[in-house]
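With the numbering used here as the guide, the letters of the sequence shown map in order to residues 21 to 706. Yeah, the Cβ is synthetic: ideal placement off N, Cα and C, and Gly gets one too. Have a look at the structure below, then the notes.
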Amino acid sequence: MARDPRYDILFEPVKIGPVTAKNRFYQVPHCNGMGHTMPQAVAAMRGVKAEGGWAVICTEECEIHPSSDVAPANEARLWDDRDIPAQARMTEAVHAHGALAGVELVHQGPATANRYSREIPMGPSHLPVTRYDPVQARAMDLSDIRECRRWHRQAALRARKAGFDIIYVYAGHDLSLPMHFLQKRRNQRTDEYGGSLENRARFFRELIEETKEAVGDTCAVVVRLAVDELLGPKGITSAVEGREVIEMLAELPDLWDVNISDWQNDSNTSRFAAEGYQEPYVAFVKKLTSKPVVGVGRFTSPDTMVAQIRGGILDFIGAARPSIADPFLPKKIEDGRPEDIRECIGCNICVSGDNTSTPIRCTQNPTMGEEWRKSWHPEVIAPRASDDTVLVVGAGPAGLECARALGQRGYTVHLAEAGDELGGRVARESRLPGLAAWGRVRDYRVQQLANMANVSLYRDSRLTADHVREFGAARVVVATGAAWRRDGIGRANSEALPGLDGSSVYAPDDIMAGAAPTGPVVVFDDDHFYMGGVLAEKLRRDGLEVTLITPALAASAWTEYTLELQHVQVRLLELGVTIVANRNLIAVDGAHAKIACVFTGRESEIPCASLVTVTARLPEEALYRALLAKPEALANAGIKNVTAIGDALAPSTIAAAVYAGHRYARELDAPAPAPVPFAREMPGEI
Ligand code: ADP
Ligand code: SF4
Numbered sequence: 021m022a023r024d025p026r027y028d029i030l031f032e033p034v035k036i037g038p039v040t041a042k043n044r045f046y047q048v049p050h051c052n053g054m055g056h057t058m059p060q061a062v063a064a065m066r067g068v069k070a071e072g073g074w075a076v077i078c079t080e081e082c083e084i085h086p087s088s089d090v091a092p093a094n095e096a097r098l099w100d101d102r103d104i105p106a107q108a109r110m111t112e113a114v115h116a117h118g119a120l121a122g123v124e125l126v127h128q129g130p131a132t133a134n135r136y137s138r139e140i141p142m143g144p145s146h147l148p149v150t151r152y153d154p155v156q157a158r159a160m161d162l163s164d165i166r167e168c169r170r171w172h173r174q175a176a177l178r179a180r181k182a183g184f185d186i187i188y189v190y191a192g193h194d195l196s197l198p199m200h201f202l203q204k205r206r207n208q209r210t211d212e213y214g215g216s217l218e219n220r221a222r223f224f225r226e227l228i229e230e231t232k233e234a235v236g237d238t239c240a241v242v243v244r245l246a247v248d249e250l251l252g253p254k255g256i257t258s259a260v261e262g263r264e265v266i267e268m269l270a271e272l273p274d275l276w277d278v279n280i281s282d283w284q285n286d287s288n289t290s291r292f293a294a295e296g297y298q299e300p301y302v303a304f305v306k307k308l309t310s311k312p313v314v315g316v317g318r319f320t321s322p323d324t325m326v327a328q329i330r331g332g333i334l335d336f337i338g339a340a341r342p343s344i345a346d347p348f349l350p351k352k353i354e355d356g357r358p359e360d361i362r363e364c365i366g367c368n369i370c371v372s373g374d375n376t377s378t379p380i381r382c383t384q385n386p387t388m389g390e391e392w393r394k395s396w397h398p399e400v401i402a403p404r405a406s407d408d409t410v411l412v413v414g415a416g417p418a419g420l421e422c423a424r425a426l427g428q429r430g431y432t433v434h435l436a437e438a439g440d441e442l443g444g445r446v447a448r449e450s451r452l453p454g455l456a457a458w459g460r461v462r463d464y465r466v467q468q469l470a471n472m473a474n475v476s477l478y479r480d481s482r483l484t485a486d487h488v489r490e491f492g493a494a495r496v497v498v499a500t501g502a503a504w505r506r507d508g509i510g511r512a513n514s515e516a517l518p519g520l521d522g523s524s525v526y527a528p529d530d531i532m533a534g535a536a537p538t539g540p541v542v543v544f545d546d547d548h549f550y551m552g553g554v555l556a557e558k559l560r561r562d563g564l565e566v567t568l569i570t571p572a573l574a575a576s577a578w579t580e581y582t583l584e585l586q587h588v589q590v591r592l593l594e595l596g597v598t599i600v601a602n603r604n605l606i607a608v609d610g611a612h613a614k615i616a617c618v619f620t621g622r623e624s625e626i627p628c629a630s631l632v633t634v635t636a637r638l639p640e641e642a643l644y645r646a647l648l649a650k651p652e653a654l655a656n657a658g659i660k661n662v663t664a665i666g667d668a669l670a671p672s673t674i675a676a677a678v679y680a681g682h683r684y685a686r687e688l689d690a691p692a693p694a695p696v697p698f699a700r701e702m703p704g705e706i
């Protein structure tokens, strides 16, 4: 199909110094949890994005020297020439599809503890390092600064050798030395690198100038600058120092990549920020420079992208997460099928990979991170290898993705859903405060299924074992989901709690189904991801007095990995939810909840007219068990096998359910190798 002429502007080439990007789609640097330890996986992942039409594909942070080692994070590395081949893999994969490769050189200074290299961290002043360990960075003297400039220059030369077209000088995210020099609160120097903003910007300016001198004839030298740290006058703000830095250095770099800081603000989730949320902070930049400007804001709508360009806000549509959820986003717009875009839901499961030093995964895109080790492509899947029909029971994320991917392979698929609504848990959860965008997990798949003549969909069809056997499909997939427990059993409690069989005890499923508890209500969160916090928020917004009890150190403790921990505390506290951490629930009696300190066991009571338990879930496995109980009946019905997937097998994240559905479809007739079901990168392979 021809592309909509309204989107032509997105496909104009743009010059960045000595190189030219073929269009305005720019994959900004993003971490992936694979980095220098899995360079083949990184190269394949970036290559797929280049194939998907992005004009610029950048690395994650790339360490320039062992004095800034970001372990335990897995990022790129250009410490010496031996790191070049791994990076060259990435640039070759990107160039193969006509895209430009960018590298984000980084020295994290006092933002990392150098756990691997054991070199002493350094920064503008003597200060504790900001992450990981209770150690301090030493103040750099003038010779350290000179050395650091030299390392950066050498890394830039190595980057050019590795084939990069775009070299970053990075001052973003409160994670880079030039940013730390800029910050009044971290730079207490009295020499020419401290004091006035001009002095504090000296190191940044020198790095840009020297990188240009080293590689600027053939490579674009670009900067990433956080123009607002969202700390008010304590930090860089777009009203004052962020603006002044841009004014000072306006024409020096070949491109300005601007964002807000720190990472939790830059990669804010859809629960806390809407598409385009950075515009108020970065809109001024283009007025101060003739150089192209790239910015981010979880852009997935081509109309919003066009508005950003036409409105003079940005020259490039920067994207990390939208390119993770759909590496083929530009191509789909170009091919005139924007409705096929798999829109990012803004959940930050992708970020949790990096934050746990494990390969990236994505709720929407089950192939993310699997491009190399499983040879999974986000758009291409092998045609069916048999005429087997497949019955998928349950249209939650697992069942929908399973049916979609099987349908794409050309199998005849029957998808039966008990209710009249599709989407399972995402349909229910997307009605909770802040989670509307999660409905995209359903919407994308339902939209794709609508165009597949070989997939039949049956709503209001709660299947029993008899129904399934009567149906007689060759293969049966049970994706019937899970239900929240009401007995208190979970991480902290291994036995049912006294008093939880009463009528004033609710599970999340009850609240999502419209139950209305009376206050004061206690939310007992022993799950630690979003559900407890979101329900506390909902009930408080409904006007109830709410206390959130958790055995963890903070509300929704696991959201540390999705960068939401602070946002969650702020929201709950500002709404007036009382957060009681480090307490376990012991019992309820209709008027009070009895809780105990997780350290001392000391007990206390709090008023509790209603209790919401967010503890564990149990698979809805009755159908699965009933089918397995009669193997002969299955064989007589012509059913070759029955497989439970997603929450019906083991309750987990939505990302895990989508992955399970996709995996079933891929491996139905092509089992994964054993015992390790994927390729592994072995040391010294490159
Ligand atoms: P998952 O996350 O694994 O996809 P969900 O709980 O989101 O699981 O979705 C499970 C879906 O299965 C729900 O929409 C539910 O209504 C449906 N379902 C459960 N039991 C049956 C059944 N026996 N027949 C058809 N659909 C079912
Ligand atoms: Fe978007 Fe979530 Fe995928 Fe990250 S994991 S790219 S936030 S859908």
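Next on the checklist: Would you say the beta carbon of I569 is closer than 7 Å to some non-hydrogen atom of the ligand NAD?
Outcome noted: As presented, the structure is devoid of the ligand NAD, carrying the ligand ADP and the ligand SF4 as its sole ligands.
Checklist entry - What are the boundary residues of the beta strand (DSSP E) that includes P627? => result Position 607 of the sequence shown, counted from the start, is the residue given in the question as residue 627. Element bounds for P627: 623 to 627.
Item to check | Runs of alpha helix (DSSP H) wholly within the region 331 to 387 (minimum 4 residues, chain order) | outcome: If we require 4 residues or more, the alpha helix (DSSP H) runs fully inside the region 331 to 387 come out as 341 to 345, 349 to 354, 369 to 375.
Checklist entry - Under the DSSP definition of a beta bridge, which residues are partnered with Y188? => result Position 168 of the sequence shown, counted from the start, is the residue given in the question as residue 188. Paired residues: E124, V242.
Checklist entry - For W504, which residues of its own chain have a beta-carbon under 6 Å away from its beta-carbon, when the five flanking residues on both sides are left out? => result Position 484 of the sequence shown, counting from 1, holds the residue named residue 504. The answer, listed in chain order, is A527, P528, D529, R637.
Item to check | Own chain, CB closer than 7 Å to I165, minus 5 neighbours either side, in chain order | outcome: Position 145 of the sequence shown, counted from the first residue, corresponds to residue 165. Excluding positions up to five away in sequence, the list reads Y213, F223.
Next on the checklist: Quick check: does the Cβ of I187 come within less than 7 Å of any heavy atom belonging to the ligand ADP?
Outcome noted: Locating residue 187 in the sequence shown gives position 167, counting from the first residue. Because no heavy atom of the ligand ADP lies under 7 Å away, the Cβ of I187 does not count as near it: no.
Item to check | Beta-bridge pairing of N604 - partner residues as DSSP gives them | outcome: By 1-based counting over the sequence shown, the position of residue 604 is 584. DSSP, once it has assigned bridges, lists A616 as partnering N604.
Checklist entry - Taking Cβ positions, are V126 and S196 nearer each other than 8 Å? => result One-based indexing of the sequence shown puts residue 126 at position 106. One-based indexing of the sequence shown puts residue 196 at position 176. Yes.
Next on the checklist: With a threshold of 6 Å on Cβ separation, who are the neighbours of Q60 within its own chain once the five nearest residues in sequence on each side are excluded?
Outcome noted: Start at 1 with the first residue of the sequence shown, and residue 60 comes out as number 40. These residues qualify, in order along the chain: W392, E701.
Checklist entry - What do you reckon, are the CB atoms on R97 and E83 nearer than 8 Å? => result Locating residue 97 in the sequence shown gives position 77, counting from the first residue. Locating residue 83 in the sequence shown gives position 63, counting from the first residue. Contact: yes.
Item to check | heavy atom of the ligand ADP below 7 Å from F481 C-beta | outcome: Here the question's residue 481 lines up with position 461 in the sequence shown. Going by the sequence as given, residue 481 is Ser instead of Phe. Under cutoff, so the answer is yes.
Next on the checklist: Could you tell me the alpha carbon to alpha carbon distance between R686 and I256, rounded to whole angstroms?
Outcome noted: Locating residue 686 in the sequence shown gives position 666, where the first residue counts as 1. Locating residue 256 in the sequence shown gives position 236, where the first residue counts as 1. Spanning the two alpha carbons is a distance of roughly 48 Å.
Next on the checklist: Alpha carbons only, please: which of A22, D89, Q107 is nearest the one belonging to I706?
Outcome noted: By 1-based counting over the sequence shown, the position of residue 706 is 686. Nearest option by C-alpha distance: Q107.
Checklist entry - For G143, which three-state DSSP category applies? => result Your numbering for residue 143 matches position 123 in the sequence shown. Looking at G143 - three-state DSSP - the assignment turns out to be strand.
Checklist entry - What are the residues that DSSP puts in a beta bridge with V278? => result Here residue 278 refers to the residue found at position 258 when the sequence shown is read from its first residue. Answer is L245, bridged to V278.
Checklist entry - With C-beta atoms as the reference, is A157 less than 8 Å away from M199? => result Start at 1 with the first residue of the sequence shown, and residue 157 comes out as number 137. Start at 1 with the first residue of the sequence shown, and residue 199 comes out as number 179. In this structure, M199 does not lie closer than 8 Å to A157 by Cβ.
Next on the checklist: Which same chain residues end up closer than 7 Å to E112 when comparing Cβ atoms and leaving out the 5 residues on each side of it in sequence?
Outcome noted: By one-based count along the sequence shown, residue 112 stands at place 92. The answer, listed in chain order, is G183.
Checklist entry - Are the Cβ atoms of P537 and S672 separated by less than 8 Å? => result Translated into positions along the sequence shown, residue 537 becomes position 517. Translated into positions along the sequence shown, residue 672 becomes position 652. Not in contact: P537 and S672 (Cβ atoms no closer than 8 Å).
Checklist entry - Looking at C364 and the ligand SF4, is the gap between the Cβ and the nearest heavy atom below 7 Å? => result By one-based count along the sequence shown, residue 364 stands at place 344. Yes, the beta carbon of C364 sits closer than 7 Å to at least one heavy atom of the ligand SF4.
Checklist entry - Nearest to I509 by CA position, among L520, A499, G501, is which residue? => result As a position in the sequence shown, residue 509 is number 489, starting the count at 1. Measuring from the Cα of I509, the nearest candidate turns out to be L520.
Next on the checklist: If you follow the alpha helix (DSSP H) that A108 is in, where does it begin and where does it stop?
Outcome noted: For the purposes of this step, residue 108 is identified with residue 88 of the sequence shown, where counting begins at 1. Looking at the DSSP string, the run of the alpha helix (DSSP H) that includes A108 is 104 to 115.
Next on the checklist: What would DSSP say about T504, mapped onto helix, strand or coil?
Outcome noted: Here residue 504 refers to the residue found at position 484 of the sequence shown. Strictly speaking, residue 504 in this sequence is Trp, with Thr absent from that position. Three-state result, W504: strand.
Item to check | Where D546 falls: helix, strand or coil (DSSP) | outcome: Against the sequence shown, residue 546 aligns to sequence position 526. If DSSP states are grouped into helix, strand and coil, D546 belongs with coil.
Checklist entry - Using the C-alpha atoms, what's the distance from S372 back to L605? => result To locate residue 605, count along the sequence shown from 1; it is residue 585. To locate residue 372, count along the sequence shown from 1; it is residue 352. Across the structure, L605 and S372 are spaced so that their CA atoms are roughly 28 Å apart.
Checklist entry - What span of residues does the beta strand (DSSP E) with P639 cover, start to end? => result Taking the first residue of the sequence shown as 1, we reach residue 639 at position 619. 637 to 639 is the span of the beta strand (DSSP E), which, as asked, contains P639.
Next on the checklist: Taking a contact to mean a Cβ-Cβ separation below 8 Å, would you say G129 touches I380 in this structure?
Outcome noted: Locating residue 129 in the sequence shown gives position 109, where the first residue counts as 1. Locating residue 380 in the sequence shown gives position 360, where the first residue counts as 1. Taking 8 Å as the Cβ cut-off, G129 and I380 do not qualify as a contacting pair.
Checklist entry - Would the C-beta of I344 count as close to the ligand SF4, meaning under 7 Å from any of its heavy atoms? => result Here residue 344 refers to the residue found at position 324 of the sequence shown. True, at least one ligand heavy atom lies under 7 Å from that Cβ.
Next on the checklist: For V488 and V412, I'd like the C-alpha separation in whole angstroms.
Outcome noted: Here residue 488 is taken as the residue at index 468 of the sequence shown, counted from 1. Here residue 412 is taken as the residue at index 392 of the sequence shown, counted from 1. Cα to Cα, V488 sits roughly 10 Å from V412.
Checklist entry - Taking the alpha-carbon positions, what's the V543 to V634 distance? => result As a first step, residue 543 is located in the sequence shown; it is residue number 523 there, counting from the start. As a first step, residue 634 is located in the sequence shown; it is residue number 614 there, counting from the start. So the alpha carbons of these two residues sit roughly 7 Å apart.
Checklist entry - Tell me which same chain residues have a C-beta within less than 8 Å of the C-beta of L469, skipping the five on either side of it? => result Position 449 of the sequence shown, counted from the start, is the residue given in the question as residue 469. Closer than 8 Å at Cβ, skipping near neighbours: L420, A423, R424, G427, L435, V475, L477.
Checklist entry - Is the beta carbon of I369 within less than 7 Å of some heavy atom of the ligand SF4? => result As a first step, residue 369 must be located in the sequence shown, where it is residue number 349. Flag set: Cβ of I369 near the ligand SF4.
Item to check | Chain-order list of residues whose beta-carbon lies under 8 Å from that of A611 (same chain, five-residue window excluded) | outcome: Numbered from its first residue, the sequence shown carries residue 611 at position 591. For A611, where only same-chain residues beyond five positions count, the Cβ hits under 8 Å are P627, C628, A629.
Checklist entry - Going by other Cβ atoms of all chains shown within 10 Å of its Cβ, with 16 needed for buried, is A41 buried or exposed? => result Here residue 41 is taken as the residue at index 21 of the sequence shown, counted from 1. A41 should be labelled buried.
Checklist entry - Which residue's Cα is closest to the Cα of I29: V76, T484, N43? => result Stepping through the sequence shown from its first residue, residue 29 is reached at position 9. Answer by Cα proximity: N43.
Next on the checklist: Three Cβ pairs or more, each shorter than 8 Å: is that satisfied between the region 314 to 325 and the region 360 to 367?
Outcome noted: Taking 8 Å as the limit for Cβ pairs, the verdict is that the region 360 to 367 does touch the region 314 to 325.
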